[in-house]
Amino acid sequence: MGKIEITPRLLGELGETYYKEYCAQHGWAYTSVSQIYKNPIHDDRLEFKFGFERILVKIPPEIQKEITDVAKPTNDKEENPSFVYDFLACKAYENTDPRHLDNMSFEDFRWVEVKTGYSDLSTNQIDTLKKIKMPLIRCRVANVLAPPEQIRIYWDEVDSTYLSRFKNDSKR
């Protein structure tokens with residue numbers, strides 16, 4: 000029997016798995032930014048996941064450019080692109096057709112960055128945050144290696160208070 004080494008990649012994957020389950024249990028649909036890059040907005044829609052279902056979400060015109068811009072890789076490696084944030088999430092309201100969400104507004108969407116442990120946002124993530132209009136949620140899974148029943152997920156909006164910590168930091 001082989002042993003699995005605890006690597007940063009494994010920790011990140013576990014964090015994203017917990018994030019996805021959190022979304023399913025709390026009424027949020029999501030799509031990865033890499034998925035948006037591979038399958039851009041078409042006919043004003045993007046495909047999101049809601050639990051095990053795939054749903055088409057109509058994207059309001061006022062956020063389409065921001066989504067397209069943020070979904071561009073931050074590196075020049077087409078075979079292994081890197082993106083500034085992890086996911087785009089939208090509120091999946093009850094009592095609607097789960098296959099199509101057509102009446103979405105700007106306020107229903109959030110950028111999401113999943114963090115494990117106590118890591119902060121990167122310089123690139125903070126710089127991008129200053130340019131976007133949609134809120135950014137930091138989904139923190141601080142104890143990712145705990146048994147599932149002990150996992151705690153913190154879902155907090157990154158705002159000007161967070162950014163003010165870096166205001167005088169010349170590296171940022």
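Quick note on numbering that gives the first Met the number 0: the sequence shown kicks off at 0 and runs consecutively.
Note that the Cβ used here is the ideal one computed from N, Cα and C, for glycine as well.
Considering just the uninterrupted stretch of the alpha helix (DSSP H) at residue i, what are its terminal residues?
i      : result
Thr-67 : 60-69
Please classify residue i as buried or exposed, where buried requires at least 16 neighbouring CB atoms within 10 angstroms.
i       : result
Asp-155 : exposed
Asp-168 : Residue placement at Asp-168 cannot be trusted, given a pLDDT of 49 that sits under 50; what the coordinates show is reported in the next sentence. That one is exposed.
Thr-127 : buried
Gly-14  : buried
Please list the terminal residues of the continuous beta strand (DSSP E) segment that includes residue i.
i       : result
Ser-31  : 27-31
Asp-107 : Taken as a continuous stretch (DSSP letters only), Asp-107 belongs to no beta strand (DSSP E), as it is neither H nor E.
Leu-135 : 135-140
Leu-128 : Note, Leu-128: premise wrong, no beta strand (DSSP E); alpha helix (DSSP H) at 122-128.
Lys-132 : No beta strand (DSSP E) contains Lys-132, which DSSP labels as neither H nor E.
Tyr-153 : 152-157
I'd like to check one pair, residue j with residue i: are the Cβ atoms closer than 9 Å?
i       : j       : result
Ile-3   : Leu-87  : no
Leu-135 : Glu-112 : yes
Val-140 : Leu-100 : no
Next on the checklist: Does the region 49-68 come into contact with the region 130-147, if we say contact requires no fewer than three beta-carbon pairs (one atom in each stretch) closer than 8 Å?
Outcome noted: By the C-beta criterion, the region 49-68 is judged to be in contact with the region 130-147, since at least 3 inter-stretch pairs fall below 8 Å.
Checklist entry - At a cut of 8 Å, does the region 5-12 reach the region 28-44 through at least three beta carbon pairs? => result As far as the Cβ criterion goes, the region 5-12 does not touch the region 28-44, which means the pair count is below three.
Checklist entry - Any contact of the region 79-86 with the region 108-122, i.e. 3+ C-beta pairs under 8 Å? => result Counting C-beta pairs with one atom in each stretch, the region 79-86 and the region 108-122 have three or more that are closer than 8 Å, which means they touch.
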